[in-house]
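*Asks:* Mapping of the sequence shown onto UniProt numbering: position 473 corresponds to residue 473, and the numbering continues sequentially without gaps.
This is the structure, below, for whatever I ask next.
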Amino acid sequence: MSVKAGFSAAMLSRAAAGQKLPSLPLALAYVRACGGDEQEWEQRWHTAAGEQAVQVPDPSSDDSAAPYRGLARFEAGDAHLFFGREALTDHLMARTAEHRLMVVVGPSGSGKSSLLRAGLIPRLRGVEGQARPAAVRILTPGATPARTHAKACVPSADEGDTWLVVDQLEEVFTVCQDAQERAAFLDLLLTAAEPHSRLHVVLGVRADFYAHCLAHPELATAIRESSLPVGPMNGGELRAAIVKPAQAEGLIVERALTARLVAEVEGEPGSLPLLSHALLETWRRRRGRTLTVEAYEQSGGIRGAIAQTAEDLYTRMTAAQAAHARRILLRLITPGDGTQDTRRPVDREELDLTDPDGAAPTRVLTDLAAARLITVDDDTVDLAHEALITAWPRLRGWIEEERERLRTQRRLTEAARAWGESARDPGALYRGTRLAAAEELLDDPAQLTSLERSFVTASRIAHTREHRRRRRLRT
Numbered sequence: 001m002s003v004k005a006g007f008s009a010a011m012l013s014r015a016a017a018g019q020k021l022p023s024l025p026l027a028l029a030y031v032r033a034c035g036g037d038e039q040e041w042e043q044r045w046h047t048a049a050g051e052q053a054v055q056v057p058d059p060s061s062d063d064s065a066a067p068y069r070g071l072a073r074f075e076a077g078d079a080h081l082f083f084g085r086e087a088l089t090d091h092l093m094a095r096t097a098e099h100r101l102m103v104v105v106g107p108s109g110s111g112k113s114s115l116l117r118a119g120l121i122p123r124l125r126g127v128e129g130q131a132r133p134a135a136v137r138i139l140t141p142g143a144t145p146a147r148t149h150a151k152a153c154v155p156s157a158d159e160g161d162t163w164l165v166v167d168q169l170e171e172v173f174t175v176c177q178d179a180q181e182r183a184a185f186l187d188l189l190l191t192a193a194e195p196h197s198r199l200h201v202v203l204g205v206r207a208d209f210y211a212h213c214l215a216h217p218e219l220a221t222a223i224r225e226s227s228l229p230v231g232p233m234n235g236g237e238l239r240a241a242i243v244k245p246a247q248a249e250g251l252i253v254e255r256a257l258t259a260r261l262v263a264e265v266e267g268e269p270g271s272l273p274l275l276s277h278a279l280l281e282t283w284r285r286r287r288g289r290t291l292t293v294e295a296y297e298q299s300g301g302i303r304g305a306i307a308q309t310a311e312d313l314y315t316r317m318t319a320a321q322a323a324h325a326r327r328i329l330l331r332l333i334t335p336g337d338g339t340q341d342t343r344r345p346v347d348r349e350e351l352d353l354t355d356p357d358g359a360a361p362t363r364v365l366t367d368l369a370a371a372r373l374i375t376v377d378d379d380t381v382d383l384a385h386e387a388l389i390t391a392w393p394r395l396r397g398w399i400e401e402e403r404e405r406l407r408t409q410r411r412l413t414e415a416a417r418a419w420g421e422s423a424r425d426p427g428a429l430y431r432g433t434r435l436a437a438a439e440e441l442l443d444d445p446a447q448l449t450s451l452e453r454s455f456v457t458a459s460r461i462a463h464t465r466e467h468r469r470r471r472r473l474r475t
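Structure follows, in structure tokens:
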């Protein structure tokens, strides 16, 4: 049964004992292994979850700092907890000394962002002497990268070279929809390769956008000459990533737990965020200062911890809050086009969605952020990691149900933004088939922002006027 269900015998035994509500993925795996009706038992699970109102221990009530980042990336300030990538950071530092333009490539979940932010940047800022950088800057492209980050691409006037780290370069293909804006930003970055340049550029990009990068000739050359692949951690690196952050905070990880985690993760691409989240949830359930196998199994394990965290939160929401959560999370996703689905950082104002009663999604945003499923930085909201897309079956199901609508909505969002930026130029309004597709979205106006609704309404009015004008001309 363990093989058929895909969970350990110990976890299945605890689920069958009935002493604690198992995670939904574990419960459904047990049902599948027994040949039961998954739909029926999922409904029963939600009923039980609602009655029990399962509460995960509140980390805010704990005086000690969490040694693990969960789904969130490591930042420069987390360097004291960033272990397992020392050799790769050394290699990256050596390569950047040889090439002014470096490209760090790896699959989603390989730890590229953490390598750049908690590995490379602290090393650069610690350099002394003549090689000390004049400035070290970090950015992600966003929707208008050339306009937003042009100044960041200009070397500092201070003595020394300027280092620019561009994380999640794939945003120039997913978030930026303007081809000219995209080309202008890439050209700015490529000035680093020019003779006598005082700019070093390090790019981080997802491997499944490799082909998109190769379509830009100069960027393709840079990739061929100066790329660094980020692969899975080996066993020793994983042990360091598991044990040393805990040791830094005065904690102990059971040897059996370390061995089990290494066995489950080693050689698995994209598994680092799953490991980090499982460790965070295990830490929340620790016994004293020890992280145990029992606490790990209670968290849902590598494959179930993310889904359990998300489901525990979702099932505690009211119907209105759950509807907001769905709308918000789907806003934070770009459906893949020949690539995997990706996260989509948005301005907070884009989440001005309201339900028919006028309720605001602020509480839902706060709860999602507290569970570390999303990040809210200044005015930007984003998924904590793309692993949430694949690890939470409910979210994955929503995406599949609404994939085509999401594509239409993404195009509408960009068109409405351009219309607003052009002082609502009538020439920017939708017509023909694009208007017909957008009008279908008005069937559920709560899914749209006020700007999007205004854009579709204005397009509809303009279309009606044009239709009447043509009729008058014919008569």
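Glycine included, C-beta positions come from ideal geometry on N, C-alpha and C.
Just checking, does the region 404-417 make contact with the region 375-395 on the three C-beta pairs under 8 Å criterion?
*Replies:* no
*Asks:* Which whole-angstrom value is the C-beta distance of Pro273 and Gly36, which I expect to be below 8 Å?
*Replies:* Within the sequence shown, the letter at position 273 stands for residue 273. Within the sequence shown, the letter at position 36 stands for residue 36. Contact flag wrong, Cβ pair sits at about 31 Å.
*Asks:* Quick check: Thr339 and Asp167, are their CB atoms within less than 8 Å of each other?
*Replies:* Residue 339 sits at position 339 when you count from the first residue of the sequence shown. Residue 167 sits at position 167 when you count from the first residue of the sequence shown. No; because the gap between Cβ atoms is not below 8 Å, this pair is not in contact.
*Asks:* Suppose you measure from the CA of Leu275 to the CA of Ile302; what does that come to, to the nearest Å?
*Replies:* Position 275 of the sequence shown, counted from the start, is the residue given in the question as residue 275. Position 302 of the sequence shown, counted from the start, is the residue given in the question as residue 302. Cα-Cα distance, rounded: 6 Å.
*Asks:* Going by the CB atoms, is the gap between Ala428 and Ala436 shorter than 8 Å?
*Replies:* Numbered from 1 along the sequence shown, position 436 holds the residue referred to as residue 436. Numbered from 1 along the sequence shown, position 428 holds the residue referred to as residue 428. No.
*Asks:* Which residue comes first and which comes last in the beta strand (DSSP E) that contains Ala211?
*Replies:* Here residue 211 is taken as the residue at index 211 of the sequence shown, counted from 1. Ala211 -> not in any beta strand (DSSP E); alpha helix (DSSP H) instead, spanning Tyr210 to Leu214.
*Asks:* Roughly how many angstroms lie between the CA atoms of Met233 and Gly70, to the nearest whole one?
*Replies:* The residue you call residue 233 lines up with position 233 of the sequence shown. The residue you call residue 70 lines up with position 70 of the sequence shown. A straight-line Cα-Cα distance of about 17 Å links Met233 and Gly70.
*Asks:* Which of the three DSSP states, helix, strand or coil, is assigned to Gly129?
*Replies:* Locating residue 129 in the sequence shown gives position 129, counting from the first residue. In this structure, Gly129 counts as helix in the three-state DSSP scheme.
*Asks:* Between Val104, Leu81 and Gly84, which lies nearest to Leu92 when the distance is taken from Cα to Cα?
*Replies:* As a first step, residue 92 must be located in the sequence shown, where it is residue number 92. The shortest Cα separation from Leu92 among Val104, Leu81 and Gly84 belongs to Val104.
*Asks:* Using the three-state DSSP reduction, which class does Ser108 fall into: helix, strand or coil?
*Replies:* Here residue 108 refers to the residue found at position 108 when the sequence shown is read from its first residue. Ser108 falls in the coil class under three-state DSSP.
*Asks:* Please classify Cys153 as buried or exposed, where buried requires at least 16 other C-beta atoms within 10 Å of its C-beta.
*Replies:* Position 153 of the sequence shown, counting from 1, holds the residue named residue 153. Classification for Cys153: buried.
*Asks:* Cβ atoms of Gly142 and Glu171: under 8 Å apart, would you say?
*Replies:* In the sequence shown, counting from the first residue as 1, residue 171 sits at position 171. In the sequence shown, counting from the first residue as 1, residue 142 sits at position 142. In this structure, Gly142 lies closer than 8 Å to Glu171 by Cβ.
*Asks:* In the structure shown, what three-state DSSP assignment does His463 receive?
*Replies:* Translated into the one-based positions of the sequence shown, residue 463 becomes position 463. His463 falls in the helix class under three-state DSSP.
*Asks:* Please return the same chain residues whose Cβ sits closer than 6 Å to the Cβ of Leu115, not counting the five positions on each side in sequence.
*Replies:* Translated into positions along the sequence shown, residue 115 becomes position 115. Taken in chain order, the residues that qualify are Arg85.
*Asks:* Chain B beta carbons: is any one of them nearer than 8 Å to that of His200?
*Replies:* Considering every chain present, this structure includes no chain B. It has just one protein chain.
*Asks:* Is Thr282 helix, strand or coil by DSSP?
*Replies:* Locating residue 282 in the sequence shown gives position 282, where the first residue counts as 1. Of the three classes helix, strand and coil, the one that applies to Thr282 here is helix, per DSSP.
*Asks:* Are three or more beta carbon pairs between the region 394-401 and the region 362-370 nearer than 8 Å?
*Replies:* no
*Asks:* I'd like to know whether the C-beta atoms of Leu251 and Leu189 end up nearer to each other than 8 Å.
*Replies:* If you number the sequence shown from 1, residue 251 lands on position 251. If you number the sequence shown from 1, residue 189 lands on position 189. It is not a contact, given that the beta carbons lie outside the stated cut-off.
*Asks:* Mapping the DSSP letters down to three states, classify Thr318 as helix, strand or coil.
*Replies:* Mapped onto the sequence shown, residue 318 falls at position 318. Thr318: coil per DSSP, three-state reduction.
*Asks:* For the alpha helix (DSSP H) that Asp187 lies in, which residues bound it at each end?
*Replies:* Taking the first residue of the sequence shown as position 1, residue 187 is located at position 187. Note, Asp187: alpha helix (DSSP H), Ala179 to Leu190.
*Asks:* Tell me the DSSP secondary structure of Ala135 in three-state form.
*Replies:* Here residue 135 refers to the residue found at position 135 when the sequence shown is read from its first residue. Residue state, collapsed to three classes: strand.
*Asks:* For the alpha helix (DSSP H) holding Arg394, just list the boundary residues, first then last.
*Replies:* Start at 1 with the first residue of the sequence shown, and residue 394 comes out as number 394. That run of the alpha helix (DSSP H) goes Pro393 to Glu401.
*Asks:* For Gly204, which of helix, strand or coil comes out of DSSP?
*Replies:* If you number the sequence shown from 1, residue 204 lands on position 204. Correct three-state label for Gly204: strand.
*Asks:* Taking 8 Å as the cut-off, decide whether the C-beta atoms of Ala310 and Gly300 are in contact.
*Replies:* Numbered from its first residue, the sequence shown carries residue 310 at position 310. Numbered from its first residue, the sequence shown carries residue 300 at position 300. No, Cβ-Cβ distance for Ala310 and Gly300 is not below 8 Å.
*Asks:* Which residue marks the beginning of the alpha helix (DSSP H) containing Val172, and which one marks its end?
*Replies:* The residue labelled residue 172 in the question sits at position 172 within the sequence shown. Counting along the chain, the alpha helix (DSSP H) containing Val172 begins and ends at Glu171 to Thr174.
*Asks:* Which runs of the beta strand (DSSP E) at least 3 residues long sit entirely within the region 287-337? Give them in chain order.
*Replies:* Residue ranges of uninterrupted beta strand (DSSP E) with 3 or more members are absent from the region 287-337; none lies entirely inside it.
*Asks:* Mapping DSSP to helix, strand and coil, what is Ser422?
*Replies:* Within the sequence shown, the letter at position 422 stands for residue 422. In the structure shown, Ser422 sits in coil (DSSP, three-state: anything other than H, G, I, E or B).
*Asks:* Locate the alpha helix (DSSP H) running through Leu365, then write down its first and last residues.
*Replies:* On the sequence shown, position 365 is the one that residue 365 refers to. Taken as a continuous stretch (DSSP letters only), the alpha helix (DSSP H) holding Leu365 covers Thr362 to Ala370.
*Asks:* Take Ala423 as the anchor and find which of Ser454, Gly106 and Gly126 has the nearest alpha-carbon.
*Replies:* Start at 1 with the first residue of the sequence shown, and residue 423 comes out as number 423. Of Ser454, Gly106 and Gly126, the smallest CA-CA separation from Ala423 is found for Ser454.
*Asks:* Relative to the C-alpha of Pro22, which candidate in Arg434, Glu297 and Leu81 has its C-alpha closest?
*Replies:* Residue numbering aside, residue 22 sits at position 22 when the sequence shown is read from its first letter. With distances taken between CA atoms, Pro22 lies nearest to Glu297 out of Arg434, Glu297 and Leu81.
*Asks:* DSSP puts Pro229 in a beta bridge; with which residues?
*Replies:* Here residue 229 refers to the residue found at position 229 of the sequence shown. Residue pairing of Pro229 in beta bridges, as defined by DSSP: Val105.
*Asks:* Taking the alpha-carbon of Asp187 as reference, which of Ser227, Gly231, Arg472 and His216 has the nearest alpha-carbon?
*Replies:* Counting from 1 along the sequence shown, the entry for residue 187 is found at position 187. Among Ser227, Gly231, Arg472 and His216, the Cα nearest to that of Asp187 is on His216.
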